[in-house]
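Residue numbers (the numbering used here): 20 to 105.
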């Protein structure tokens with residue numbers, strides 16, 4: 020099970036995300052493991068996620084639980100070999 024920290028940052032999205040219109044991000048030590056764990060629990064990884072943030076400051080993932088709620092994952096460790104956001 021990935022280590023999860025309850026640090027968070029709030030920001031406004033452009034447009035409606037889904038019927039719930041919000042995403043909570045949790046910090047994990049391993050984005051790939053977090054996405055795999057979400058799949059094993061019945062969730063799904065959103066297409067084009069995870070990816071590295073600009074300037075190599077970390078990576079984010081986005082998963083959707085079985086009820087359709089989005090959950091963001093954040094890691095301070097960039098993904099090896101993955102492109103950075105532009």
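Note that the Cβ used here is the ideal one computed from N, Cα and C, for glycine as well.
| Query | Result |
| --- | --- |
| Residue 78, DSSP secondary structure in three states | strand |
| N-terminal and C-terminal residue of the alpha helix (DSSP H) that residue 53 is part of | 50-59 |
| Buried or exposed (CB count within 10 angstroms, at least 16 for buried), residue 69 | buried |
| Identified DSSP bridge partners for residue 89 | 83 |
| For residue 70: DSSP bridge partner residues | 79 |
| With 16 other Cβ atoms within 10 Å as the buried cut-off, status of residue 61 | exposed |
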